[in-house]
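Protein chains: 2
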Amino acid sequence: MAKAALVHPSTVSRVLSDRPGHTLRPETRARVLAVVDRLGYRPSAVARSLRLKRTLTLGMLVPDIANTFLAGIIKGAEVAAHERGYTLILCNTADLPEREATYIRVLRERQVDGALVASTRAADGTIDDLRDDGFPFVLVNRAAGGADDLVVSVDNRRSAGLVIEHLVERGHTRIAHVAGPRSTTTGAERLSGVNDAARRLGISIEVVEAESWSEVGGYRAARQLFRDIPPTAIFGANDLIALGALRAAREAGLRMPDDLALAGFNDTPEAALIGLTTVHVDQEEMGARAASLLIAQLEGDVITERSVVLPAELVVRDSTARRLIQRRIA
Amino acid sequence: MAKAALVHPSTVSRVLSDRPGHTLRPETRARVLAVVDRLGYRPSAVARSLRLKRTLTLGMLVPDIANTFLAGIIKGAEVAAHERGYTLILCNTADLPEREATYIRVLRERQVDGALVASTRAADGTIDDLRDDGFPFVLVNRAAGGADDLVVSVDNRRSAGLVIEHLVERGHTRIAHVAGPRSTTTGAERLSGVNDAARRLGISIEVVEAESWSEVGGYRAARQLFRDIPPTAIFGANDLIALGALRAAREAGLRMPDDLALAGFNDTPEAALIGLTTVHVDQEEMGARAASLLIAQLEGDVITERSVVLPAELVVRDSTARRLIQRRIA
DNA sequence: TTGTACGCGTTATCAA
DNA sequence: TTGATAACGCGTACAA
C-alpha cells in the first residue's frame, strides 16, 4: 500500500482527488505522487463505490446487440458515457421478459447508477417496477406508459406518415405496410401514423404485422402480400423488416424498384447499401442523448425536457425514385 | 437491513449462499428467505466484490461497436459471459492507442477480472503491460506477439489463400488485393496468405493498403487500382474494405460481377446482402469462445489449447460466380 | 446451529 | 496542513 510506503494513510486520497476544499502542502503532494507512480498505485473503484454509494456505471438493455440500428445507439451511448466518466454494462435481452428481469436484477445488485432501456416490449412490468422504486432510467426509441418517464425517441407517427405521402406522390395507390409487432410502442405508433395518412389521403392500405423487428419477421409477414394481386409499394416498419419484404418480393418474382417500391425506417447502414428509401435517424446521437439525459438526472442537473424527440428526415433513394430528395421532419 | 428485521446479522449471508459447508436449520432458513423477499433485499455486489477480490466482470475492448463483425463478436461474448454469471463492460477504442490505454486503466481501477481485446494494433504497448502484470486477457481476431497469449482467431493466411485460388479457378489473372493496415496482425497475415498463393500459382497480384478496416479505407485504397488497366478481380481484406472497393469500381464505371469479381472476408450481414463472396467466420462463436476461454483461465480450469483457431469456410456468392460452392478450411 | 468480530480499500469528518 | 477514526455491506474464521 502506498500509504505504508510513504508515511500517511488517507492523505493519499486527498492528493489524488484534488478538490478545491483541500489544502495540501506542495511538498507532501509531490512526495505522494512520486510514490504513487513508482508503485503504479491504482485506487480501487470498488472500494470507492462502496463508500460513495455510486458506481459511475450505467446498465444498457438492448434486444439485440447485432442489430445495426441498436449497435449505433450503443456506440453513441458508450462514447457519451465515457466522456463523463461513466462506464457501460451491456445486456442483450433478446426481448425476452424473463431475461430483461434477470438483467435488471443483476444491474441493481451491481449498484449501477441508472439504466438505458432500449428493449421494446410495451407491456413491461419490469419497467413499472423500476418506476415504482424510483430507480433512474431512460427509455430509448420506445415508450412505456409513464407520463414522467425520461424518453429519447423520434416522431414515429409523423415520419411514417411522410413515407406514405412520398409513396402516394410517386403515384402509388396499392400500398402495403408491414407493421412492427403491435406489442411494441414503436410498432403501434408507426402503424398509427400510416393509418392517419391513409385516411387523410383517402386511400386504403393493406397491413400485415411482423412477429419481430427482424429480417425474418418481415419476410414471413410480407409473403402474405403476394398471394393475390401484389402491392406496388411496401413500407416496412424498419429497415430490417423492409429487407425481409424485399426477399419475399424477389421470391415472388418481383424486382425492386421496377415492379415494386420499398421503404423502411431508421436509415441503418444496410439501407444505404441497397438504396432503400427510409427515415433517417441519427443512431449515435440518439444513444448519446439518452446517456446524457440519464447522467443529467443522476447528477441532479435541471432537466428541461423529459422527452427528447430527435429530428428525422425522409431519405429517398433508388428503391422509390431515381433522384435524391430530402425533407425535414420536426 | 434484513438482519434487523429478523434477528440475525450475518446468517443471512449463509442462507443466501447455500454452500455445502454450511449447516442451517430449515426453520431459520425459511424465516430468512421470507424476510428477504418481503423486503426485496438485494445483496450488494460491490461490497461482495470488495470482500472477495473479484468482480465477476469482464472488460471488452473493440475498435468500433458499430462494425457488424465486431457487433456479432460482442453479442457472442456477452451471452456466454452472462451464462456464467459474468457481466461485460464495453469499451469503444476507435483503435486509438491513447484511448485503449485510458480504458485499460479504467477497467483495472474497476477491478475487472479480465479483458477481451479485439482492438487491432499490432505494436501495442498496452498489451505488453498487461502481460507483464499478469493481468488475464484474451485476444480476439488478432495476435500481439506473446507466445503464451490466449488467442481466438481464424486461419487468416490459409483463408486468404483460398480466396485467391478461387479467383484463379474462375479464370482471373489480373487480381488485386486491397490489404488491411499493415500495422495490424490480421492485415499482415492475410496479405502474407495472398502472397504465398500468388507465388504458388505463379501469378502476380497488385497490392494496395487500406489505411483502416473501413469502407472509406477500402474506397480510398481501391481507387488507385482503376488509374490504368483495372484488375478483373479484387480481394478486399475484409467485407467493409470490399464494399469500399465496390464503390470505387462503380465510380470507375465498372459493374459487379460483369466487369469485376469481388471478394471479402468475415461474412458479415452486408456480404449476404450484396451477394459478396467471402470467408465465413462465425462471429458469435468467436465472441463466445473468447469469453469462455477467459473465464476458464479466471476460474483456474485447465486450459488445453491457448490458441483457438476457428474453422472458416469460403462462401461463394454472386460477386464471383452464379452458383453456390462451399469449401471447408481447417 | 448461529452469533461475534474483523477486514476488504476508500473517503468524510473531526481532532490535532 | 495532516493524522486518526468510522463506516460503506459483505463473507468468513472463530467462538459460543
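First to last, the protein sequences are chains D and B. In this text, residue positions in the first sequence follow this note's numbering: the first is 145, and each later residue adds one. In this text, residue positions in the second sequence follow this note's numbering: the first is 145, and each later residue adds one. Note that CB positions come from ideal geometry on N, CA and C, so glycine has one too.
Within chain D, the residues that residue 223 of chain B reaches when beta carbons sit closer than 8 Å: 236
What residues in its chain sit with their C-beta under 6 Å from that of residue 234 of chain B, if we drop five residues either side in the sequence? 204
Would you kindly work out how many angstroms separate the C-alpha atoms of residue 467 of chain D and residue 397 of chain D, rounded to a whole number? Confidence in residue 467 of chain D is poor, its pLDDT being 40 and thus under 50, which makes the residue's placement too unreliable to answer from.
In chain order, which alpha helix (DSSP H) runs of at least 4 residues are fully inside the region 171–240 of chain D? 189–196, 212–227
DSSP-derived helix/strand/coil call for residue 379 of chain D: strand
Which residues of the region 170–196 of chain D have a Cβ closer than 8 Å to any Cβ of chain B? Give them in chain order. 186, 187, 188, 189, 190, 191, 193, 194
For a test of the three-state rule: what should DSSP assign to residue 306 of chain D, helix, strand or coil? helix
DSSP three-state assignment for residue 331 of chain B, whether helix, strand or coil: helix
I'd like the list of long-range same chain contacts for residue 359 of chain D, defined as Cβ closer than 8 Å, with 5 residues on each side in sequence excluded. 384, 385, 387, 388, 391
Is it the case that the Cβ atoms of residue 200 of chain B and residue 229 of chain B are separated by a distance below 7 Å? yes
Which value, in whole angstroms, describes the spacing of the CA atoms of residue 404 of chain D and residue 347 of chain B? 45 Å
Indicate whether at least one CB of chain B lies closer than 7 Å to the CB of residue 149 of chain D. no
Assuming residue 271 of chain D and residue 431 of chain D are in contact, meaning their beta carbons sit under 8 Å apart, how far apart are those beta carbons, in whole angstroms? In fact, because the Cβ distance is near 19 Å, the residues do not count as touching under 8 Å.
For residue 457 of chain D, which three-state DSSP category applies? strand
So which residues on chain B does residue 414 of chain D lean against when the C-beta distance must stay under 8 Å? 413, 414, 417
Of the residues that make up the region 242–255 of chain D, which ones have a beta carbon closer than 7 Å to any beta carbon in chain B? 250, 252, 253, 254, 255
Short check: CB of residue 304 of chain D to CB of residue 295 of chain D, under 7 Å? no
Quick check on the DSSP output: what are the complete alpha helix (DSSP H) runs of length 4 or more inside the region 243–327 of chain B, in order along the chain? 269–277, 300–313
Going by the DSSP bridge assignment, what does residue 451 of chain B pair with across the sheet? B/295
Who are the near neighbours of residue 414 of chain B in its chain, counting only those whose CB is closer than 8 Å to its CB and skipping five residues on each side? 212, 383, 384, 387, 420
Check for me: the alpha helix (DSSP H) holding residue 167 of chain B runs from which residue to which? Note, residue 167 of chain B: premise wrong, no alpha helix (DSSP H); not H, not E.
Taking 7 Å as the CB-CB limit, is residue 210 of chain D close to chain B? yes
Tell me the rounded alpha-carbon separation between residue 458 of chain B and residue 412 of chain D. 27 Å
I believe residue 264 of chain D touches residue 239 of chain D by the beta-carbon criterion, under 8 Å. Please report the beta-carbon distance rounded to the nearest angstrom. 6 Å
Rounded to the nearest angstrom, what separates residue 434 of chain B and residue 333 of chain B at their Cα positions? 20 Å
What does residue 541 of chain D reach in chain B if we use C-beta pairs closer than 9 Å? Residue 541 of chain D lies beyond the range of chain D shown here (145 to 474); nothing can be said about it.
Just curious, the beta strand (DSSP E) that residue 422 of chain D is in, first and last residue? 422–424
If I measure Cβ to Cβ from residue 377 of chain B and keep anything under 8 Å in the same chain, skipping five residues before and after, which residues do I get? 311, 314, 316, 318, 319, 320, 404, 405, 406, 407, 464
So, does the region 182–202 of chain D touch the region 249–260 of chain B, judging by three or more C-beta pairs under 8 Å? yes
Cβ-based neighbour list, residue 173 of chain D, same chain, cut-off 7 Å, excluding 5 preceding and 5 following: 159
Mark residue 222 of chain D as exposed unless 16 or more other C-beta atoms lie within 10 angstroms of its C-beta, in which case mark it buried. buried
Quick check on residue 156 of chain B: buried or exposed, where buried means 16 or more other Cβ atoms within 10 Å of its Cβ? buried
Measure from the alpha carbon of residue 277 of chain D to the alpha carbon of each residue in B/441, B/184, B/424, then state which is nearest. B/184
CB contact below 7 Å: residue 421 of chain D versus chain B: no
Kindly list, in the order they appear in chain D, the residues whose Cβ is closer than 8 Å to that of residue 232 of chain B. 233, 234
Please compile the residues from chain D whose C-beta is within a distance smaller than 8 Å of the C-beta of residue 199 of chain B. 190
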